[in-house]
Every structure is written in C-alpha cells, then in structure tokens.
Amino acid sequence: MSDQNHLQNLVELLRLAYSAELAAAYAYRGHWHSVSDADEREQILKIENEEWHHRELVGQMLKQLETNPSRIRELRATIVGRVLGALCHFTGWFAPMYGAGRLESRNIREYETAARYARDAGHDEFVDCFLMMAEVEWQHENYFRSRVLSHRLGKRLRIWPEPPPREMIRKSFAEYVLHAVPSRQNFPTLGDAVEVPHDAVVISQHAD
Ligand SMILES: [Fe+2]
Ligand SMILES: [Fe+2]
Numbered sequence: 001m002s003d004q005n006h007l008q009n010l011v012e013l014l015r016l017a018y019s020a021e022l023a024a025a026y027a028y029r030g031h032w033h034s035v036s037d038a039d040e041r042e043q044i045l046k047i048e049n050e051e052w053h054h055r056e057l058v059g060q061m062l063k064q065l066e067t068n069p070s071r072i073r074e075l076r077a078t079i080v081g082r083v084l085g086a087l088c089h090f091t092g093w094f095a096p097m098y099g100a101g102r103l104e105s106r107n108i109r110e111y112e113t114a115a116r117y118a119r120d121a122g123h124d125e126f127v128d129c130f131l132m133m134a135e136v137e138w139q140h141e142n143y144f145r146s147r148v149l150s151h152r153l154g155k156r157l158r159i160w161p162e163p164p165p166r167e168m169i170r171k172s173f174a175e176y177v178l179h180a181v182p183s184r185q186n187f188p189t190l191g192d193a194v195e196v197p198h199d200a201v202v203i204s205q206h207a208d
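For the sequence shown, the working numbering begins at 1 and goes up steadily by one.
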C-alpha cells in the first residue's frame, strides 16, 4: 500500500472519529444528567469532557491535513448523540451503561488503528496523541464495564470481550512498528501489513 493510500485511510478514519466524538459527547451529556448517583454523574461528565477534548485534537489534525469534517456526518452525529442522550432518561440505568461500554471498547481499537495509519502515512507526530486517546478510551471502557458488572443483569449477561491490559496499547504498537518497518518503504510484499480492526471502522460508521 502506498503512503498516499495510508494517508487516505488516516483522513477517512479521522473524519469518522471527529463526528463520532460529537455523538458520544452529546450522548454522555444526556447520560450523566439521567443518573442520580453523584459519583456516576461526576464520572460521566468527566468522560463527556474527555470526548470533547478528543474531538478538538482530531479537529486539529484534520486542519493540519487540510481536510474538513463531513457536514452530513456532523449533522447526523448531532442528531444521534442528542437522541441517545435523551433516551437515557427513559431506558433505565443499565442499557446506557452497557451501550457506552461496548462502544468504548471499539473506540480503543479505532485510535490504535489511527496510530498505525499515521505511522504508515509518515505522520509520526500524531502517533503519541492517538495512543494517548486509545488509553483514555480504555479507561472509559473500564469504568462502564465496572458499572455494568456491579448490576445484577451484568452478572448474568455475557458482556463484550474485555480489552487487553492498558499497557498493551503501546506495546502492541511498538511491536507493529518493529514488524511493519518495510511497509513504509513500499516493499510490495509487505505493503499491506496494516491490520485494520474490522469493526473499528464499522463502529465509527455506526457512531456517526
Ligand atoms: Fe473519545
Ligand atoms: Fe470514550
């Protein structure tokens, strides 16, 4: 795969992530308003603010790449986020916690993928920021997992697979770099070594 293709992948993922963060932030705004426990309100508000921060960071990268967000996705993300946020007031405590945890587990992989795309496209300056965002998404997943497991339904239901430990985010990226070095130089046999977590993109599409 050429550097140009890697760059296209990166730009597309960034545009998806930018709008997905908008939907997530609005959904969490409704979510923390809907819970009565003071600690849960505070934690989910903090998560909302972190999603806004991610959006800002991704927006800066898009600018640097001279790309604009998709206007239609932005509109859809606003609607989806606000509707989900409003639904939290009617669905009870468990469903929003479960939905958030499941989504966050995919967000981790999305930013891990973005780090690989950035590296392969020659934008190493973005890598640390993507890995940091993946780590923050890991914390979000961990929080919602703990809430779900504290509920009697969470103890009975089979929940989404647990992500690897947080330190694996940087370790697996380092390993990827070690094995994918030739791809940057367009070695034809290794050029497609980028692993694209299938559902990372799918989820982004769903989330936008
Ligand atoms: Fe985020
Ligand atoms: Fe998150």
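Quick reminder that beta carbons are idealized off the backbone N, C-alpha and C, glycines included. Source: prediction; values computed, not measured.
With C-beta atoms as the reference, is Glu48 less than 8 Å away from Tyr18? no
Near Gln43, what residues of its chain come up, given a Cβ to Cβ distance below 7 Å and the 5 sequence neighbours on each side ignored? Around Gln43: Tyr143.
Buried or exposed: Leu157, going by 16 or more other Cβ atoms within 10 Å of its Cβ? Exposed, since its Cβ has fewer than 16 Cβ neighbours within 10 Å.
Buried or exposed by the 16-neighbour rule on C-beta atoms within 10 Å, applied to Ser34: It is buried - the Cβ of Ser34 has at least 16 other Cβ atoms within 10 Å.
Pro96 - DSSP class collapsed to helix/strand/coil: helix
Relative to ligand 1, is the shortest distance from any of its heavy atoms to the C-beta of Ala24 smaller than 7 Å? yes
CB of Arg15 within 8 Å of CB of Arg73, strictly: yes
Would you mind giving the Cβ-Cβ distance between Val80 and Ala23, rounded to the nearest angstrom? I have them listed as a contact below 8 Å. 5 Å
To the nearest angstrom, how far is it from the Cα of Gln4 to the Cα of Glu66? 14 Å
May I have the straight-line CA-CA distance separating Ile108 from Ala95, to the nearest angstrom? 20 Å
Which of helix, strand or coil DSSP assigns to His31: helix
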